[in-house]
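Sequence order for the protein chains is A and B. Whatever position you read off the first sequence (first residue = 1), add 9 for the working numbering. Whatever position you read off the second sequence (first residue = 1), add 49 for the working numbering.
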Amino acid sequence: MNETLIWEIRAFVYRHLAETIHPPHVDEAALHFALTHEQAVSAYEELHRRHAFFLKPGTHDILIANPFSGVETAFKVYANNKTYFANCAWDSLGIPVALHVDAEVEASCAHSGEPIRLNIVNQQVQDSDVLVHFLIPFQNWYNDLAFT
Amino acid sequence: MNMLFFQSEETLNEWLVSQKAEHRAVLSIPQLWRLSKRWYQDRMSLGYHGRTIEQVQAIFKDLGLTSEFWQA
Numbered sequence: 010m011n012e013t014l015i016w017e018i019r020a021f022v023y024r025h026l027a028e029t030i031h032p033p034h035v036d037e038a039a040l041h042f043a044l045t046h047e048q049a050v051s052a053y054e055e056l057h058r059r060h061a062f063f064l065k066p067g068t069h070d071i072l073i074a075n076p077f078s079g080v081e082t083a084f085k086v087y088a089n090n091k092t093y094f095a096n097c098a099w100d101s102l103g104i105p106v107a108l109h110v111d112a113e114v115e116a117s118c119a120h121s122g123e124p125i126r127l128n129i130v131n132q133q134v135q136d137s138d139v140l141v142h143f144l145i146p147f148q149n150w151y152n153d154l155a156f157t
Numbered sequence: 050m051n052m053l054f055f056q057s058e059e060t061l062n063e064w065l066v067s068q069k070a071e072h073r074a075v076l077s078i079p080q081l082w083r084l085s086k087r088w089y090q091d092r093m094s095l096g097y098h099g100r101t102i103e104q105v106q107a108i109f110k111d112l113g114l115t116s117e118f119w120q121a
């Protein structure tokens, strides 16, 4: 499969997530690009190998396409009249950045459970005393992305 | 996931004790926003093909994230 098509498929996945909040099933990508199921599977596996997105182990379902999560999480981002799900604290700010939109982030303190809300207005985050803790050093980020 | 929000340094420290985890890298919301802007602003673009380790390290350096935690 040529390089241009590989990256067009990546962009299609991201557009689909932005428009629907869900990642496209591999057969939706096949249909969109007039590929066979096997060709689309091969493209998804290649994009997973290149860390463009990450498949749920043992499947061809997209679990993570940073900053988007393919499944519901506790990091909600309200934007574009939709509720997106982020993978972590960082990605919850990443979604309004990626989409270039204002948003409200709804999450909670990892220890107390108290609600945390952050507002992005005019593409700037409003001031907050909230902190973000990164546990895993950068050199280990891709060992187990779901944990990181 | 271990990039988590905390309402204060106190709740972070209590969580670290409860998890028997080490205090690693902490960012304020303005710092995280600046990192997000650099990291994700072009993510929807057809031209985004990922980054090299060197490009990632340059972003961290530009944002003052220079401790061992951020090194490759």
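From the three backbone atoms N, C-alpha and C, an ideal C-beta is built for every residue, glycine too. Values in this document were obtained by computation on a predicted structure and should not be read as measured data.
Could you confirm whether any beta carbon from chain A is found closer than 8 Å to the beta carbon of residue i?
| i | result |
| --- | --- |
| B/Glu103 | no |
| B/Gly99 | yes |
| B/Ile78 | yes |
| B/Leu112 | no |
| B/Lys69 | no |
| B/Ala74 | yes |
| B/Gln121 | Before going further, note that residue 121 of chain B is Ala rather than Gln in the sequence given. Closer than 8 Å to some Cβ of chain A, the Cβ of B/Ala121 qualifies, so yes. |
| B/Thr115 | no |
Using 10 angstroms around the beta-carbon of residue i, count the other beta-carbons present and answer buried if the total reaches 16, otherwise exposed.
| i | result |
| --- | --- |
| A/Leu40 | exposed |
| B/Ser116 | exposed |
| A/Asn149 | exposed |
| A/Leu158 | Examination of residue 158 of chain A is not possible in this model, given that chain A is present from 10 through 157 alone. |
| B/His72 | exposed |
| A/Gln135 | exposed |
| A/His142 | buried |
| A/Pro66 | exposed |
| A/Leu144 | buried |
| A/Pro76 | buried |
| A/Ala38 | buried |
| B/Arg100 | exposed |
| B/Ile102 | exposed |
With distances taken between CB atoms, is the gap from residue i to residue j smaller than 8 Å?
| i | j | result |
| --- | --- | --- |
| A/His69 | A/Phe63 | no |
| A/Val106 | B/Ser85 | yes |
| A/Ser78 | A/Ala52 | no |
| A/Asp111 | A/Gln132 | yes |
| A/Val22 | A/Ile71 | yes |
| A/Ser117 | A/Ala83 | yes |
| B/Arg83 | B/Leu65 | no |
| A/His60 | B/Glu63 | no |
| A/Glu55 | A/Ile15 | yes |
Can you give the Cα-Cα distance for residue i and residue j, rounded to whole angstroms?
| i | j | result |
| --- | --- | --- |
| B/Lys69 | B/Glu59 | 15 Å |
| B/Leu81 | A/His25 | 26 Å |
| A/Gln48 | A/Glu17 | 14 Å |
| A/Asn152 | A/Ala88 | 31 Å |
| B/Val105 | B/Ala121 | 9 Å |
| A/Glu12 | B/His98 | 10 Å |
| A/Met10 | B/Gln56 | 48 Å |
| A/Glu113 | A/Val139 | 15 Å |
| A/Glu28 | A/Phe42 | 18 Å |
| B/Phe118 | B/Met52 | 13 Å |
| B/Lys110 | A/Leu127 | 26 Å |
| A/Glu123 | A/Val86 | 17 Å |
| A/Arg19 | A/Ile125 | 32 Å |
Does residue i come within less than 8 Å of chain B when only Cβ atoms are used?
| i | result |
| --- | --- |
| A/Ile137 | Checking the sequence, you will find Ser at residue 137 of chain A rather than Ile. Answer yes: the Cβ-Cβ gap between A/Ser137 and chain B drops below 8 Å somewhere. |
| A/Ala107 | yes |
| A/Leu140 | yes |
| A/Phe143 | yes |
| A/Glu55 | no |
| A/Ile71 | no |
Can you tell which of the options has its C-alpha closest to the C-alpha of residue i?
| i | options | result |
| --- | --- | --- |
| A/Ala98 | B/Phe118, B/Ser57, B/Ile78, B/Glu63 | B/Ile78 |
| B/Leu114 | B/Arg92, B/Glu63, B/Arg87 | B/Arg87 |
| A/Val35 | A/Phe42, A/Val50, A/Ala43, A/Glu28 | A/Val50 |
| A/Gly31 | A/Thr92, A/Asn128, A/Glu55, A/Ser121 | Residue 31 of chain A is actually His in this sequence, not Gly. Of the candidates A/Thr92, A/Asn128, A/Glu55, A/Ser121, the one whose C-alpha sits nearest the C-alpha of A/His31 is A/Thr92. |
| B/Leu76 | B/Phe54, B/Ile102, B/Arg100, B/Thr101 | B/Phe54 |
| A/His109 | B/Gln90, B/Phe118, B/Glu63, B/Asn62 | B/Gln90 |
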